[in-house]
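Trainee: Chains as they are written, first to last, in our numbering: chain A, 114 to 260; chain B, 114 to 260.
Starting off with a structure, shown below.
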DNA sequence: TCTATAGTGATAAACGATATCTATAAATGC
DNA sequence: GCATTTATAGATATCGTTTATCACTATAGA
């Protein structure tokens, strides 16, 4: 698979990140990750499966979901809950809040990191004596290009 | 179906709200709404279908999804995106931001309304020249009772 | 090298959502 | 009031998403 310079660099970083964590980035998983990197937006599991099948003949649903779970746990891939789609994270090294801006016109998904949003929600949860472990923050609307 | 005094009151309000909006709260839809009201937490579409079948013999998936779509559009029901579940809104009359605190231990879903969270995210989106039409804000963690 | 563990292949099925076509009931215009 | 349009509901099928399970293989560690 052909990767851009930028994505090649991310892949290299991901490899060392996995090594560091003692996680095995197998050829199959690497293929899945490459597909995600080549995607400019989020992709559904079955579209991902279709692409994967071009090189991995016997790939089936569990194949992609296992790979996705692997990356989700490492934080290398995020899931967009409101569209059931997945996308590679481009700055996984540092722990960060995850928020998405999803354009309903062109389908583009932009990841942003607002500490403010995270903290505001945490403060609100605290008032309800609720301890937050994970946040899902997704905004749907229209991106700059589509306006 | 037996409804608590509180839920009866909500149902009455929902009826007049529908009338006001020119929306037809048919018997079938009312049954679906009652099931949702009786639920202390969010419920999946197929669990809802099982309950619905007890009175509506020939209910099928489209039956519940149609009813759910009807209520979602009116704002009488919300969807929890991260769990694919639905719950009745208890204060639908006024337009409001929707945020959920989801306990991963007991499954309880609490709806909160923080203008701050909404506005913080909007401000962040504005910096990216993104116009927000809809927000999905869901926090997973542990509720007060389960701590 | 043996053993435990992690990863993969394969099949099936559960859960979630929608498309389509038909029939019926309600609202609207005349 | 009747015809026309529109909304609702029934029925069937299918698609998309996700997980469970079992067998097999490769890898890591004792």
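Ideal placement from N, C-alpha and C gives every residue a C-beta, glycine not left out.
(1) Suppose contacts are defined by Cβ-Cβ distances below 8 Å. Is residue 249(B) in contact with residue 176(A) by that definition?
(2) Under 8 Å, do residue 150(B) and residue 124(B) count as touching if we go by C-beta distance?
(3) Do residue 154(B) and residue 221(B) count as a contact pair if the criterion is CB distance below 8 Å?
(4) Looking at C-alpha atoms only, which residue of 180(B), 208(B) and 174(B) is the closest neighbour of residue 144(B)?
(5) May I ask you to report which of helix, strand or coil DSSP gives residue 226(B)?
(6) Residues of chain A with CB under 9 Å from residue 245(B), in chain order?
(7) What are the uninterrupted segments assigned as alpha helix (DSSP H) that are 4 or more residues long and contained completely in the region 166-212 of chain A, given in chain order?
(8) Does any C-beta atom of chain B lie closer than 8 Å to the C-beta of residue 239(A)?
(9) So with CB distances below 7 Å, who are the chain B contacts of residue 230(A)?
(10) Under 8 Å between beta-carbons, which chain B residues line up against residue 260(A)? List them in chain order, please.
(11) Could you check whether the region 200-218 of chain A touches the region 237-256 of chain A, counting it as contact only if at least three pairs of C-beta atoms, one from each stretch, sit closer than 8 Å?
(12) Within a Cβ cutoff of 6 Å, which residues of the same chain sit near residue 195(B), ignoring the five residues on either side of it in sequence?
(13) Pair every Cβ in the region 166-174 of chain A with every Cβ in the region 189-209 of chain A, then say whether three or more of these pairs are closer than 8 Å.
(14) If the criterion is Cβ atoms closer than 8 Å, does the pair residue 206(B) and residue 126(B) meet it?
(15) Which residues, in order along the region 141-167 of chain B, keep a beta-carbon less than 7 Å from a beta-carbon of chain A?
(16) Would you check if the distance between the CB atom of residue 237(B) and the CB atom of residue 211(A) is smaller than 8 Å?
(17) What does residue 248(A) reach in chain B if we use C-beta pairs closer than 7 Å?
(18) Which residues in chain A sit within 8 Å of residue 194(B), going by Cβ to Cβ distance?
(19) What in chain B is Cβ-close to residue 117(A), meaning under 7 Å?
(20) My output table needs one value for residue 122(B): the three-state DSSP class, helix, strand or coil.
(21) Measuring straight from C-alpha to C-alpha, what distance separates residue 135(B) and residue 204(B)?
(22) Sort 241(A), 199(A), 223(A) and 114(A) by Cα distance to residue 158(A) and report the nearest one.
Mentor: Checking against the coordinates, here is how it stands:
(1) Counted from its first residue, the second chain places residue 249(B) at position 136. Counted from its first residue, the first chain places residue 176(A) at position 63. Not a contact, by the Cβ cut-off of 8 Å.
(2) Residue mapping note: residue 150(B) aligns to position 37 of the second chain, counting from 1. Residue mapping note: residue 124(B) aligns to position 11 of the second chain, counting from 1. Going by C-beta atoms, residue 150(B) is nearer than 8 Å to residue 124(B).
(3) Locating residue 221(B) in the second chain gives position 108, where the first residue counts as 1. Locating residue 154(B) in the second chain gives position 41, where the first residue counts as 1. A contact, by the Cβ cut-off of 8 Å.
(4) As a working mapping, residue 144(B) is identified with position 31 in the second chain. The shortest Cα separation from residue 144(B) among 180(B), 208(B) and 174(B) belongs to 180(B).
(5) Reading the second chain from its first residue, position 113 is the one you call residue 226(B). Correct three-state label for residue 226(B): coil.
(6) Within the second chain, numbered from 1, the residue matching residue 245(B) stands at position 132. Ordered by position in chain A, the residues that pass the 9 Å Cβ test against residue 245(B) are 214, 252, 253, 254 and 255.
(7) If we require 4 residues or more, the alpha helix (DSSP H) runs fully inside the region 166-212 of chain A come out as 174-187.
(8) As a first step, residue 239(A) is located in the first chain; it is residue number 126 there, counting from the start. Not closer than 8 Å to any Cβ of chain B, the Cβ of residue 239(A) fails to qualify, so no.
(9) Mapped onto the first chain, residue 230(A) falls at position 117. Per Cβ cutoff of 7 Å: 230, 233, 234 and 237.
(10) Position 147 of the first chain, counted from the first residue, corresponds to residue 260(A). 242 and 244, listed in chain order.
(11) yes
(12) Translated into the one-based positions of the second chain, residue 195(B) becomes position 82. Excluding sequence positions up to five before and after residue 195(B), its CB lies within less than 6 Å of the CB of 251, all in the same chain and listed in chain order.
(13) no
(14) Taking the first residue of the second chain as 1, we reach residue 206(B) at position 93. Taking the first residue of the second chain as 1, we reach residue 126(B) at position 13. A distance below 8 Å separates the beta carbons of residue 206(B) and residue 126(B).
(15) none
(16) Position 124 of the second chain holds residue 237(B). Position 98 of the first chain holds residue 211(A). It is not a contact, given that the beta carbons lie outside the stated cut-off.
(17) Taking the first residue of the first chain as position 1, residue 248(A) is located at position 135. At a beta-carbon threshold of 7 Å, the residues of chain B lying near residue 248(A) are 252, ordered along the chain.
(18) Taking the first residue of the second chain as 1, we reach residue 194(B) at position 81. Listed by position along chain A, the residues whose Cβ is nearer than 8 Å to that of residue 194(B) are 194, 195, 249 and 251.
(19) Counting from 1 along the first chain, the entry for residue 117(A) is found at position 4. Simply none; closest approach about 22 Å.
(20) As a first step, residue 122(B) is located in the second chain; it is residue number 9 there, counting from the start. Look at residue 122(B) here: in three-state DSSP terms it is helix.
(21) As a position in the second chain, residue 135(B) is number 22, starting the count at 1. As a position in the second chain, residue 204(B) is number 91, starting the count at 1. Taking the CA atoms as reference points, residue 135(B) sits about 19 Å from residue 204(B).
(22) Here residue 158(A) refers to the residue found at position 45 when the first chain is read from its first residue. Looking at the Cα atoms, 199(A) is the closest of the given residues.
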